[in-house]
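First up is the structure itself, then whatever we jot down about it.
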Amino acid sequence: MYSSVDTLWVLLGAVLVFFMQAGFAMVETGFTRAKNAGNIIMKNLMDFCLGSAVFWILGFGLMFGVGAEGQTNPFVGFFDFFVQREYGSSFPTAAFLIFQTVFCATAATIVSGAMAERTKFISYCLYSVVISALVYPISGHWIWGGGWLSTLGFHDFAGSTAVHMVGGVAAFWGAKRIGARVGKYDEQGKAKAIPGHSLTLGALGVFILWFCWFGFNGGSTVSLTGDDTIVSAASIFVTTNLAAAFAAIATMLYTWIRYKKPDVSMTLNGALAGLVGITAGCDAVSPMGAAAIGLICGVLVVVSVEFFEKVVHIDDPVGAISVHGICGAVGTLLVGLFALDGGLFYGGGFSLLGVQSLGVVSVLLWVSVTMFLLFLLIEKTVGLRVSQAEEVAGLDLEEHGIISSYADFMPAVPSVLGSASASPEEAIPVVHVPPQKTPSRQAPMTKIVIVSRQSKFNELKHALNEIGVMGLTVTQVMGCGMQKGNKEYYRGVPVSMTLLPKMQVETVVSKVPVRSVIEAAKKALYTGHIGDGKIFVYTVDNVIKVRTGEEGYDALQDELVAE
Numbered sequence: 111m112y113s114s115v116d117t118l119w120v121l122l123g124a125v126l127v128f129f130m131q132a133g134f135a136m137v138e139t140g141f142t143r144a145k146n147a148g149n150i151i152m153k154n155l156m157d158f159c160l161g162s163a164v165f166w167i168l169g170f171g172l173m174f175g176v177g178a179e180g181q182t183n184p185f186v187g188f189f190d191f192f193v194q195r196e197y198g199s200s201f202p203t204a205a206f207l208i209f210q211t212v213f214c215a216t217a218a219t220i221v222s223g224a225m226a227e228r229t230k231f232i233s234y235c236l237y238s239v240v241i242s243a244l245v246y247p248i249s250g251h252w253i254w255g256g257g258w259l260s261t262l263g264f265h266d267f268a269g270s271t272a273v274h275m276v277g278g279v280a281a282f283w284g285a286k287r288i289g290a291r292v293g294k295y296d297e298q299g300k301a302k303a304i305p306g307h308s309l310t311l312g313a314l315g316v317f318i319l320w321f322c323w324f325g326f327n328g329g330s331t332v333s334l335t336g337d338d339t340i341v342s343a344a345s346i347f348v349t350t351n352l353a354a355a356f357a358a359i360a361t362m363l364y365t366w367i368r369y370k371k372p373d374v375s376m377t378l379n380g381a382l383a384g385l386v387g388i389t390a391g392c393d394a395v396s397p398m399g400a401a402a403i404g405l406i407c408g409v410l411v412v413v414s415v416e417f418f419e420k421v422v423h424i425d426d427p428v429g430a431i432s433v434h435g436i437c438g439a440v441g442t443l444l445v446g447l448f449a450l451d452g453g454l455f456y457g458g459g460f461s462l463l464g465v466q467s468l469g470v471v472s473v474l475l476w477v478s479v480t481m482f483l484l485f486l487l488i489e490k491t492v493g494l495r496v497s498q499a500e501e502v503a504g505l506d507l508e509e510h511g512i513i514s515s516y517a518d519f520m521p522a523v524p525s526v527l528g529s530a531s532a533s534p535e536e537a538i539p540v541v542h543v544p545p546q547k548t549p550s551r552q553a554p555m556t557k558i559v560i561v562s563r564q565s566k567f568n569e570l571k572h573a574l575n576e577i578g579v580m581g582l583t584v585t586q587v588m589g590c591g592m593q594k595g596n597k598e599y600y601r602g603v604p605v606s607m608t609l610l611p612k613m614q615v616e617t618v619v620s621k622v623p624v625r626s627v628i629e630a631a632k633k634a635l636y637t638g639h640i641g642d643g644k645i646f647v648y649t650v651d652n653v654i655k656v657r658t659g660e661e662g663y664d665a666l667q668d669e670l671v672a673e
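Numbering (this note's numbering), first residue to last: 111 to 673.
Have a look at this one:
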């Protein structure tokens with residue numbers, strides 16, 4: 111006899127945890143650049159789709175499969191292809207299958223953010239298949255499937271280690287293997303900020319995740335029958351919320367002190383750190399313990415993000431390694447301190463803390479070995495990273511043929527870091543213009559407008575600076591030439607005209623020869639492909655400097671003065 115209440119509770123939890131995919135997609139998209147938004151959405155979608163398929167075919171059996179007579183294996187579950195055996199209790203097997211499927215998808219999708227903006231789509235799909243079919247299910251069996259860690263008393267109620275640390279450790283090895291994004295570190299190895307394009311999307315994702323985490327943790331009771339279970343579920347909601355709230359407060363205060371301003375994106379990550387940290391012991395700690403766990407994780411996530419970025423030089427665009435890997439491990443260990451039953455701070459001694467430590471180290475080693483080998487194998491076969499030119503142009507364009515994920519809603523603004531240079535055989539000969547004497551005060555004034563690819567801005571700026579052009583006005587625009595833009599398709603139908611993201615640079619010169627500017631721009635912008643841009647030259651009648659009233663030639667000459 112199935113319980114309608116328990117079945118409904120499990121299915122509700124599954125629905126909420128499924129919606130976490132939307133939260134992860136928004137966090138990762140918002141914290142990265144617009145030129146990669148479609149690629150990130152696609153990876154989050156395929157995480158769930160590929161994960162659902164392979165977890166049903168193989169992974170579920172490796173995690174929960176039992177023998178013909180109900181026996182279990184301490185290290186891996188019995189094969190049960192397509193889930194043919196019965197695993198239900200007070201709810202059907204199908205409810206249990208979908209509940210566990212969405213947890214598997216959560217573990218897989220964590221890696222997407224850490225490897226964002228430079229990973230081949232096919233390579234990411236291969237990773238997603240392997241972690242969902244093999245890596246996550248086997249360590250999950252140890253913890254939740256009757257394996258050896260569960261028999262020792264390892265406590266990970268909803269997955270700080272089983273889900274989040276597995277994803278975080280995989281993210282570490284993926285980000286380490288693939289290397290930093292173009293422009294992330296300068297020649298001296300100093301980290302440079304690459305801001306995400308939408309803080310509002312990132313915040314939306316965090317609120318979605320916070321909301322869904324009540325299903326992630328609360329739904330893990332997999333029952334709502336009996337007073338003890340009802341009280342436990344309600345208590346889990348409280349501890350989950352308090353940990354997230356106190357973690358966000360701690361992050362806000364810590365960044366306020368450290369950076370002199372409260373950091374918005376880091377505080378959002380702080381809330382997630384608290385949620386990850388409480389997941390292992392949400393059923394075992396008091397509200398006071400949950401608040402303490404939140405405070406610890408809220409500070410720890412900032413320290414960890416800075417450590418990986420500045421010391422280890424691992425480029426993690428969204429902080430996934432710190433939020434999920436580090437806080438997942440620490441949250442699991444803190445159960446050994448704060449658990450009301452068996453925790454060190456409540457007179458339980460070191461026994462539970464020792465078991466928790468053993469579990470964390472064991473899963474860490476398992477995931478590290480398998481992920482290191484997996485990413486190495488992918489790199490040596492299909493390749494792990496896109497080319498520099500593809501990365502600079504954006505994965506939306508290069509991997510999916512999308513000019514802009516936002517279409518006419520807002521112009522795409524690809525990063526101007528790096529460049530896609532033409533090959534030597536494509537290079538156009540550039541006429542060298544010898545230095546000329548300073549023109550007279552009656553020298554003509556000319557306005558030069560350059561419209562080109564946004565990715566070539568750094569090279570153009572450097573070239574103009576070399577010939578003495580300092581005054582620039584730069585605008586990000588949308589447009590196309592007579593070729594009506596690169597051919598683009600939407601649902602198989604060609605789009606009649608495509609407006610492309612472009613850069614418009616304007617300058618007025620008199621002292622610097624116009625031909626010098628033109629030739630320098632041609633050399634910097636040339637790739638040999640449609641879309642290199644155009645240069646427009648106009649005669650300027652007069653220029654007036656507002657500060658001094660000077661006109662003509664004199665108005666274009668300036669010296670730096672103290673404010």
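Backbone N, C-alpha and C define an ideal beta-carbon position, used for all residues, glycine too.
Residue pairing from DSSP leaves Glu-501 without any beta-bridge partner. With contact defined as three or more Cβ pairs closer than 8 Å, the segment 318-333 and the segment 119-126 are in contact. When the Cα atoms are used, Ala-631 and Ala-224 turn out to be separated by approximately 36 Å. Annotation: Ile-512 is outside any alpha helix (DSSP H) and is labelled neither H nor E by DSSP.
In this structure, the CA atom of Asp-190 is about 8 Å from the CA atom of Ile-167. The beta carbon of Thr-142 sits closer than 6 Å to the beta carbons of Ala-226, Glu-227, Gly-306 and Pro-427 from its chain, once the five residues preceding and following it are set aside; these are given in chain order. When rounded, the separation of the alpha-carbon atoms in Val-276 and Thr-216 is 10 Å. Judged by beta-carbon spacing, Val-445 lies beyond the 8 Å limit of Gly-504, meaning their Cβ atoms are not closer than that value. For Gly-263, the number of other beta carbons within 10 angstroms of its own is below 16, and it is reported as exposed.
For Ser-233, the closest C-alpha among the options Val-656, Thr-491, Arg-625 and Pro-554 is that of Thr-491. Rounded to whole angstroms, Phe-326 and Phe-201 show a C-alpha spacing of 18 Å. The shortest C-alpha to C-alpha distance from Phe-158 to any of Ile-220, Asn-146 and Ala-144 is the one to Ile-220.
The alpha-carbon separation between Gly-589 and Ser-565 amounts to approximately 15 Å.
Rounded to whole angstroms, the gap between the alpha carbons of Leu-454 and Gly-384 is 21 Å. According to the DSSP secondary-structure assignment, Val-647 is paired through a beta bridge with Ile-558. It is roughly 32 Å from the alpha-carbon of Ser-260 to the alpha-carbon of Leu-155. In the same chain as Ala-132, and ignoring 5 residues on each side of it, the C-beta atoms closer than 7 Å to its own belong to Ile-318, in chain order. Per DSSP, reduced to three states, the secondary structure at Glu-661 is strand. Rounded to whole angstroms, the separation of the alpha carbons of Tyr-516 and Lys-145 is 9 Å. If you look at Val-615, you'll find it isn't in any alpha helix (DSSP H); it sits in the beta strand (DSSP E) that goes 610-619. Nearest in C-alpha terms to Leu-447, of all of Gly-404, Val-433, Leu-462 and Phe-567, is Leu-462. In this structure, the CA atom of Thr-556 is about 34 Å from the CA atom of Ile-513.
In this structure, Gly-435 keeps its C-beta atom at 8 Å or more from the C-beta atom of Gly-312. Annotated three-state conformation of Arg-195 is coil, per DSSP. The three-state secondary structure of Met-156, taken from DSSP, is helix.
Counting C-beta pairs with one atom in each stretch, the segment 178-195 and the segment 246-259 have three or more that are closer than 8 Å, which means they touch.
Between the segment 477-495 and the segment 283-302 there are three or more inter-stretch CB-CB distances shorter than 8 Å, so the stretches are counted as touching. An exposed status is given to Pro-397, since fewer than 16 other beta-carbon atoms sit within 10 Å of its beta-carbon. In the displayed model, Ile-220 falls within a helix according to three-state DSSP. Met-111: not part of any beta strand (DSSP E); DSSP gives it neither H nor E. In its chain, beyond the 5 residues on either side, Val-492, Gly-493, Leu-494, Arg-495, Val-496 and Glu-509 have a beta carbon closer than 8 Å to the beta carbon of Lys-230. When rounded, the separation of the alpha-carbon atoms in Val-650 and Leu-507 is 38 Å.
Going by DSSP, Met-376 is part of the alpha helix (DSSP H) stretching over 374-388. For Phe-282, the closest alpha carbon among the candidates Met-173, Val-622, Ala-218 and Ser-562 is that of Ala-218.
If the five residues before and after Ser-162 are omitted, its C-beta is found closer than 6 Å to the C-beta atoms of Thr-211, all from its own chain and listed in chain order.
Here the C-alpha atom of Gly-169 lies approximately 28 Å from the C-alpha atom of Ala-394.
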